[in-house]
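Going from the sequence shown to the working numbering is simple: count from 1 and add 606. Ideal Cβ positions, reconstructed from N, Cα and C, are used throughout, including at glycine.
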Amino acid sequence: MNRTARILLIILGFVGVGLVAFKIFERPIALYLVQRVIDDKVGNDPSTALPDGLHAYVCGTGSPMADPGRAGACIAVIAGDTRMIFDVGSGSMRVLGRMGFPVGKTDRLFLTHLHSDHFDGLGELMVQSWVQGARGAPLPVSGPPGTIAVADGFNRAYAIDAAYRTAHHGAAVANPAGAGLAAEEIVIPPGADSVVVLRKGDLTVTAIRVSHDPVKDAYGYRIDYKGRSVAISGDTAYDPRFARAAKGVDVLFHEALDRELVGKMQAAAERNGSAPIAKVMADIPSYHASPVEAAKVAQLADARMLVFYHTIPPMPFRMVERLFLEGTSEAFSGEIRISRDGDRISLPAASKALEYENVL
Ligand SMILES: [Zn+2]
Ligand SMILES: [Zn+2]
Numbered sequence: 607m608n609r610t611a612r613i614l615l616i617i618l619g620f621v622g623v624g625l626v627a628f629k630i631f632e633r634p635i636a637l638y639l640v641q642r643v644i645d646d647k648v649g650n651d652p653s654t655a656l657p658d659g660l661h662a663y664v665c666g667t668g669s670p671m672a673d674p675g676r677a678g679a680c681i682a683v684i685a686g687d688t689r690m691i692f693d694v695g696s697g698s699m700r701v702l703g704r705m706g707f708p709v710g711k712t713d714r715l716f717l718t719h720l721h722s723d724h725f726d727g728l729g730e731l732m733v734q735s736w737v738q739g740a741r742g743a744p745l746p747v748s749g750p751p752g753t754i755a756v757a758d759g760f761n762r763a764y765a766i767d768a769a770y771r772t773a774h775h776g777a778a779v780a781n782p783a784g785a786g787l788a789a790e791e792i793v794i795p796p797g798a799d800s801v802v803v804l805r806k807g808d809l810t811v812t813a814i815r816v817s818h819d820p821v822k823d824a825y826g827y828r829i830d831y832k833g834r835s836v837a838i839s840g841d842t843a844y845d846p847r848f849a850r851a852a853k854g855v856d857v858l859f860h861e862a863l864d865r866e867l868v869g870k871m872q873a874a875a876e877r878n879g880s881a882p883i884a885k886v887m888a889d890i891p892s893y894h895a896s897p898v899e900a901a902k903v904a905q906l907a908d909a910r911m912l913v914f915y916h917t918i919p920p921m922p923f924r925m926v927e928r929l930f931l932e933g934t935s936e937a938f939s940g941e942i943r944i945s946r947d948g949d950r951i952s953l954p955a956a957s958k959a960l961e962y963e964n965v966l
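Below you can see the structure in the form of structure tokens.
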């Protein structure tokens with residue numbers, strides 16, 4: 607046996623011993639690692655370590671189209687000691703939970719409009735917020751006219767489950783008085799483009815009328831807290847009213863649909879024999895903004911940063927993001943980002959700082 611063969615044999619011996627040792631200790635290693643994750647995540651509220659300010663949790667950046675990396679529309683905001691969620695699309699509650707948002711302490715859900723892809727995670731939110739927070743009163747939800755009917759429907763659909771939860775965990779945790787939703791409807795007076803919907807200490811939340819025909823009542827929101835601000839478009843075509851109401855915000859979240867890429871999806875659906883999908887692809891560009899239109903809104907608003915969310919279509923790889931962004935930097939002079947599920951933007955009070963990180 608030559609020298610090389612001996613060295614190879616020794617290496618193989620070490621690898622073999624290592625594999626056997628790993629097999630023997632696999633269970634204690636797995637238990638140690640999972641214990642660390644459990645200690646870190648379960649019952650812990652990492653948001654208490656955040657500085658006083660405005661913190662936006664991007665909990666859903668996708669559209670109803672199948673996309674493994676993006677949940678349905680959702681942005682949660684912590685402003686001082688108030689915790690709000692703006693829309694709760696499909697899958698977004700699971701993102702929010704992984705981000706460490708204190709779901710049990712949610713003060714209010716705001717809905718931008720009543721397209722189902724903006725509230726189809728509502729059942730998960732109402733149950734998790736109720737039990738995790740041992741709520742003594744239903745979760746408040748505010749939205750456009752129709753919100754009370756939607757909340758009534760969810761309350762009825764989840765009543766049987768709520769009784770089971772109380773039977774399982776007792777009334778001290780699953781208090782029947784705290785189950786479900788308490789809805790109120792926001793009406794923007796005729797002739798006005800916006801209305802203040804919440805004033806609490808240094809916090810102001812304003813609902814803004816946007817354009818999403820045939821949905822007549824569709825709102826964006828602006829959140830102001832101690833000199834810091836974010837605006838959330840919800841679903842809208844190009845609308846200067848939203849830009850005016852979002853004047854000077856630190857961060858402007860805007861939806862956007864790439865018409866060229868959606869046009870390709872329409873053509874593919876026709877080629878593949880799916881007339882319904884082709885029709886939907888033909889319809890949706892009329893009630894969403896293009897990326898360049900969103901950039902124009904950010905410029906009109908003089909926002910500091912434009913963050914795309916609720917983007918259509920899915921962008922399976924980075925090169926597609928470049929197509930999506932074509933022309934936007936000519937339209938908006940500030941920083942532009944395409945957000946991802948798990949992004950968190952922190953705007954500490956009494957500062958100009960803007961911290962952008964993914965916390966998943
Ligand atoms: Zn919509
Ligand atoms: Zn939508």
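Distance cut-off 8 Å: residue i Cβ against heavy atoms of ligand 4
| i | result |
| --- | --- |
| A679 | This structure lacks ligand 4; the ligands present are ligand 1 and ligand 2. |
Check: residue i C-beta below 8 Å from any heavy atom of ligand 2
| i | result |
| --- | --- |
| D726 | no |
| H721 | yes |
| D819 | no |
| S945 | no |
| S696 | no |
| S748 | no |
| E861 | yes |
| S669 | yes |
Helix, strand or coil at residue i according to DSSP, with G and I counted as helix
| i | result |
| --- | --- |
| M921 | coil |
| T712 | coil |
| N878 | coil |
| T667 | coil |
| V793 | coil |
| F620 | helix |
| F938 | coil |
| P782 | helix |
| S653 | helix |
| L929 | helix |
| S892 | helix |
| Y770 | helix |
| L863 | strand |
| K958 | coil |
| K902 | helix |
| A763 | helix |
| D646 | helix |
| R676 | coil |
| L637 | helix |
| V913 | strand |
| L615 | helix |
| R946 | coil |
| A788 | strand |
| G659 | strand |
| A907 | helix |
| V811 | strand |
| L953 | strand |
| A821 | The identity of residue 821 in the sequence shown is Val, whereas the question assumes Ala. Strand at V821. |
| V855 | coil |
| V626 | helix |
| V802 | strand |
Classification of residue i by the beta-carbon crowding that lies within 10 angstroms, buried from 16 upward
| i | result |
| --- | --- |
| F692 | buried |
| K902 | buried |
| F859 | buried |
| V640 | exposed |
| A685 | buried |
| S896 | buried |
| E899 | buried |
| P750 | buried |
| F923 | exposed |
| H774 | exposed |
| M969 | With the chain represented from 607 up to 966, any question about residue 969 goes unanswered, as that position is not in the structure. |
| Y831 | buried |
| E936 | exposed |
| V811 | buried |
| G826 | buried |
| E861 | buried |
| V857 | buried |
Near ligand 1: residue i beta-carbon under 8 Å from a heavy atom
| i | result |
| --- | --- |
| V886 | no |
| D841 | yes |
| Y915 | no |
| A895 | no |
| A763 | no |
| K824 | Rather than Lys, the amino acid found at residue 824 in this sequence is Ala. Flag set: Cβ of A824 near ligand 1. |
Within-9 Å CB hit, residue i to chain D
| i | result |
| --- | --- |
| V737 | Looking for chain D here will not work: only one protein chain is present. |
Quick one: which unbroken beta strand (DSSP E) runs of 3-plus residues sit fully inside the segment 679-760? Chain order, please.
Counting whole runs of 3 or more residues, the segment 679-760 contains the beta strand (DSSP E) stretches 680-685, 688-692, 714-716, 745-749.
Which runs of the beta strand (DSSP E) spanning at least 3 residues fall entirely within the segment 823-852, listed in chain order?
Runs of the beta strand (DSSP E) inside the segment 823-852: 825-831, 834-838.
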